[in-house]
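Peer 1: Using the working numbering, read the sequence shown as starting at 30 and increasing by one per residue.
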Amino acid sequence: MTVHDKTDEQRLAEFEARIDRDEKIEPGDWMPDQYRKSLIRMIGQHAHSEIVGQLPEGKWIPHAPGFRRKLTLVAKVQDEAGHGQLLYRAAETLGKSREEMLEELLTGKAKYANVFNYPTPSWADVGIIGWLVDTSAVINQTMLGQGSYGPYARAMKRICYEEAFHIKQGYDSIVALVKGTPEQRAMAQDAINRWWYPTLMMSGPPDRISVHTERSMRWKIKTKTNEQVRQEFVDRIVPQIRALGLDVPDTNCYYDEKAGHWHYTQPDWEELKRVINGDGPCNAERLGVRRKAHEDGRWVREALAAKHTQKEAVA
Ligand code: BYC
């Protein structure tokens, strides 16, 4: 019997057996349509998050306090662009073109991480994104690195390595503020107050209302649920915040001895829905900047395409 003689049920059973054995699925392998679609959706959204995610911090590059902070921030923002490239490439292996994905981002059809639709009015926001947002991202992406699709899992390993460095740069700049003047310490606290709930939301809606978790867990697209990832984030970050003498902006956040976890107040899930569907404080601004950058870069893409055509004609 060749692979072509098999029924869809047989193929699905073999595919699921491979997943159960923790084998990686590679681009040319048979996979259920829904597995392919789910990965394209998730990797595409992830790529968009890296690209749009450059903007809230990037706007601080000209205003970074000092040469060393500026250099580090430029490198971090460039890393995020690189992650976007890696991820678009990983999604392309599943059959969707980068142009289609970018079109969906620019027309507002595709989602990207909620957190990047919040403003960054102070320098402390840059530190908090590096420290809190990247910690949440690394916990999630370490989990995704155990996932079943080879190209995505491998991209995660490289990305997590760089994100771990981003956490250090964010933490380091917050430590500098905490050790500074009372005004600087207040800036750090104010940034935590504003980013706490959006960062909690970053791990996704609660498991009871998450649409994709069940199937994604079955096929190891995700290897932990949204709530497991969020709890890991809270357990890691709360002691760090308190160790710096800062407050978690949740009066009902306490260590639950019996559960062995930090208890926290649930975010406003209606806010997450609004923000990811286009109605957050900065959605219009972020997409506006992306659209302009896309237009500004058109001549480069056209010049490259012309050069390519010319080479083919000569050959
Ligand atoms: N933001 O069924 P659910 C970074 C959507 S960037 C936006 O739970 P799933 C960085 C979800 O997509 C790293 N949308 O979904 C960069 C779905 O919508 P659709 C960002 C969200 O997929 C620069 C619907 O809500 N990380 O580190 O099982 C500077 C239902 O949700 C969000 C990634 O992108 C959200 N927070 O789980 C600094 C990781 N939550 O498609 C840092 C990859 C939910 O049905 N993505 N939605 O219309 C994932 O791990 C998963 O997609 C999620 C959601 C955990 C986010």
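A virtual CB, placed ideally from N, CA and C, is assigned to each residue, including glycine. The structure presented is a predicted model; accordingly, all values stated were derived computationally and were not measured.
For the ligand BYC, I want to know if GLY274 counts as a neighbour, meaning its beta carbon is within less than 6 Å of at least one of the ligand's heavy atoms.
Peer 2: No; taking the cut-off as 6 Å, the Cβ of GLY274 has no heavy atom of the ligand BYC nearer than that.
Peer 1: Determine whether the beta carbon atoms of THR252 and MET185 lie at a separation below 7 Å.
Peer 2: Against a cut-off of 7 Å, the Cβ pair of MET185 and THR252 comes out as no contact.
Peer 1: Below 6 Å, is the gap between the Cβ of ASP308 and the nearest heavy atom of the ligand BYC?
Peer 2: The answer is no for ASP308.
Peer 1: Suppose the cutoff is 6 Å on Cβ atoms and the five residues either side in sequence are ignored; what does the same chain contact list for GLN218 look like?
Peer 2: Contacts found: LEU275.
Peer 1: Counting along the chain, where does the beta strand (DSSP E) carrying ASP51 start and finish?
Peer 2: Careful: ASP51 lies outside any beta strand (DSSP E) and carries neither H nor E.
Peer 1: From ARG320, PHE145, TYR200 and ASP58, pick the residue whose C-alpha is nearest to that of THR122; which is it?
Peer 2: Comparing Cα-Cα distances from THR122 to each of ARG320, PHE145, TYR200 and ASP58, the minimum goes to ASP58.
Peer 1: If you compare alpha carbons, which of ALA344, LEU206, MET231 and HIS292 is closest to GLU300?
Peer 2: That would be MET231, whose Cα lies nearest to the Cα of GLU300.
Peer 1: In three-state terms, what does DSSP make of ASP285?
Peer 2: If DSSP states are grouped into helix, strand and coil, ASP285 belongs with the strands.
Peer 1: If we require 4 or more residues per run, which alpha helix (DSSP H) segments fall completely within the stretch 265 to 328?
Peer 2: Segments of the alpha helix (DSSP H) lying fully in the stretch 265 to 328: 298 to 305 and 312 to 325.
Peer 1: Strictly by DSSP, which residues pair up with TYR178?
Peer 2: DSSP, once it has assigned bridges, lists ILE54 as partnering TYR178.
Peer 1: Can you have a look at ARG271 and say buried or exposed, based on whether 16 or more other CB atoms are within 10 angstroms of its CB?
Peer 2: ARG271 is exposed by the Cβ-count criterion.
Peer 1: From VAL204 to ALA93, what distance separates their C-alpha atoms?
Peer 2: Approximately 16 Å, taken between the alpha carbons.
Peer 1: Would you identify the three-state DSSP class for THR164, choosing helix, strand or coil?
Peer 2: Three-state DSSP puts THR164 in a helix.
Peer 1: Taking just the CA atoms, how far does THR242 sit from GLN198?
Peer 2: Looking at the two C-alpha atoms, the distance is approximately 32 Å.
Peer 1: Enumerate in chain order the residues of its own chain whose CB-to-CB distance from THR294 is below 6 Å, with the five nearest sequence positions on each side excluded.
Peer 2: If we look at THR294 and ignore the five residues flanking it on each side, its Cβ neighbours are ASP279 and ASN281.
Peer 1: From the beta carbon of GLY209, is the nearest beta carbon of chain B less than 7 Å away?
Peer 2: Checking the listed chains, one finds no chain B in this structure; it contains a single protein chain.
Peer 1: Less than 7 Å separating the beta-carbons of ILE266 and THR164?
Peer 2: Cβ atoms of ILE266 and THR164: closer than 7 Å.
Peer 1: Let me know the secondary structure DSSP gives MET71 once reduced to three states.
Peer 2: Helix, per DSSP.
Peer 1: Measuring only the C-alpha atoms, how far is ASP37 from GLN63?
Peer 2: Taking the straight line joining both Cα atoms gives about 13 Å.
Peer 1: Using a Cβ-Cβ cutoff of less than 8 Å, which residues in the same chain neighbour MET60 once the five nearest sequence positions on both sides are dropped?
Peer 2: Excluding positions up to five away in sequence, the list reads PHE44 and ILE54.
Peer 1: Tell me whether the stretch 132 to 148 and the stretch 71 to 89 touch, counting them as touching only if at least three CB pairs, one residue from each stretch, are closer than 8 Å.
Peer 2: Short answer: they touch.
Peer 1: DSSP state of TYR147, grouped into three classes?
Peer 2: Coil, per DSSP.
Peer 1: Quick test of your reading: ALA220 and ASP264, contact by CB under 8 Å. State the CB separation rounded to the nearest angstrom.
Peer 2: Not quite, the Cβ-Cβ distance comes to about 21 Å (not below 8 Å), so this is no contact.
Peer 1: Nearest to ASP51 by CA position, among GLY176, ASP34 and GLY307, is which residue?
Peer 2: Out of GLY176, ASP34 and GLY307, GLY176 has the C-alpha closest to the C-alpha of ASP51.
Peer 1: State the CB to CB distance for the pair ALA119 and TYR181, rounded to an integer number of angstroms; the pair is presumed to be in contact (CB under 8 Å).
Peer 2: That belief holds up - the Cβ atoms of ALA119 and TYR181 are roughly 5 Å apart, short of 8 Å.
Peer 1: According to DSSP, is ARG237 helix, strand or coil?
Peer 2: Coil, per DSSP.
Peer 1: Taking the straight line between their C-alpha atoms, what separation do you get for ASP49 and PRO85?
Peer 2: Approximately 40 Å, taken between the alpha carbons.
Peer 1: Given this structure, state the Cα-to-Cα distance separating VAL162 from THR210, to the nearest angstrom.
Peer 2: Roughly 25 Å between the two C-alpha positions.
Peer 1: Between the alpha carbons of LYS125 and ILE90, how many angstroms are there, rounded?
Peer 2: The straight-line gap from Cα to Cα measures roughly 33 Å.
Peer 1: Measuring only from the beta carbon, is GLY73 closer than 6 Å to any heavy atom that is part of the ligand BYC?
Peer 2: Checking every heavy atom of the ligand BYC against the Cβ of GLY73, none is found closer than 6 Å.
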